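Structure, as structure tokens:
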Amino acid sequence: MNYKRIPFETVWVHFPDIDQTAKALNAPHTRILPDGTKEYTVPIITFERPNEKTVVLADSETIARYLDSAFPDPERMLFPKETLIFQHAFLQFLRREAKVPRAFLRVNITSILNSLPPHTRDWWIETRPRAFGQPYDVLAPNTPKKRAKAWKIYEDAFDAVARYFDVAGKGNHRLSGGLVTYAEIELVSWLKTIQLIGKDDGWKGLKDMNGGRWARLVDEPEYRYAISTANSNNAKL
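Quick note: the sequence shown, position 236, residue 244 per this note's numbering, numbers continuous.
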């Protein structure tokens with residue numbers, strides 16, 4: 009929204025309240041958990057326009073595609089037509105081959121827990137088996153052996169992404185040669201999350217990894233602005 013210069017208002021929702029909030033908005037679920045439960049996640053976005061049915065969407069990629077169609081700014085497209093196949097391939101690689109989301113969780117799960125308000129922490133611990141098939145104590149790297157294994161997975165994931173970037177030149181830190189795309193924004197969002205919640209843990213180890221390219225990517229001017237809620241006003245999330 010910031011990148012496309014679309015005004016909006018952010019409404020923060022605590023984890024235990026996401027299901028209730030999503031259902032109240034008639035937002036779609038975003039996946040089916042292993043036990044068959046429908047999972048509702050943020051972001052959720054609503055667009056209210058006079059004399060039109062309110063649009064309610066969930067899932068970041070779905071929202072980004074809608075923004076391109078509803079606000080077609082040729083200079084700020086998140087999915088330029090000529091990049092669609094490339095972006096799809098990279099996102100599949102990031103999520104399913106490099107497994108960056110899973111690697112992020114294993115190293116940063118304790119930082120995530122510690123960043124939550126007290127009344128949300130019990131919910132977080134109780135729901136890990138439903139979300140990931142394992143309890144928090146199993147997922148958390150709370151022994152030296154588990155810590156070493158988690159960090160190896162973490163390093164392997166970002167090493168794999170670095171090799172992908174190196175196709176455009178050793179040490180390259182941009183996915184699309186400076187062009188902002190949704191796929192690069194998704195990677196930056198993971199990096200920014202690590203930077204915010206794991207600054208003394210996951211980010212401390214990652215920022216100098218692979219030649220420091222991840223710190224350079226997060227610090228690109230367009231992402232310092234785009235990955236922000238400081239400029240939000242005038243719509244509902």
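In this text, a Cβ means the ideal position worked out from N, Cα and C, and glycines have one as well. Source: prediction; values computed, not measured.
- Minimum Cα-Cα distance from P42 among the listed residues P36, F140, N150 corresponds to F140.
- In this structure E192 is buried. Its beta-carbon is surrounded by 16 or more other beta-carbon atoms within 10 angstroms.
- K154 has its alpha-carbon roughly 27 Å from the corresponding atom of Y172.
- Contact between R114 and Y162 is confirmed by a C-beta separation of about 7 Å, below the 8 Å threshold.
- Cβ contact annotation for N116 (same chain, cutoff 7 Å, sequence separation greater than five): I202, I205, G206, D209, G210, in chain order.
- For I53, the uninterrupted beta strand (DSSP E) segment begins and ends at 52-55.
- Per DSSP, V21 is not a residue of any alpha helix (DSSP H), being assigned neither H nor E.
- Under the DSSP definition of a beta bridge, K46 partners with I40.
- Assigned with DSSP and collapsed to three states, L214 falls in helix.
- Taking a 10 Å sphere around the C-beta of F98, we find 16 or more other C-beta atoms and assign the residue as buried.
- A Cβ-Cβ separation of about 11 Å leaves G186 out of contact with A176 under the 8 Å criterion.
- For L113, the uninterrupted alpha helix (DSSP H) run begins and ends at 108-123, by DSSP.
- Excluding five sequence positions before and after L86, the CB atoms of its chain that fall closer than 8 Å to its own CB belong to Y11, K12, A72, R73, L75, D76, V188, T189, Y190, I193, given in chain order.
- Judged by DSSP in its simplified three-state form, V175 adopts coil rather than helix or strand.
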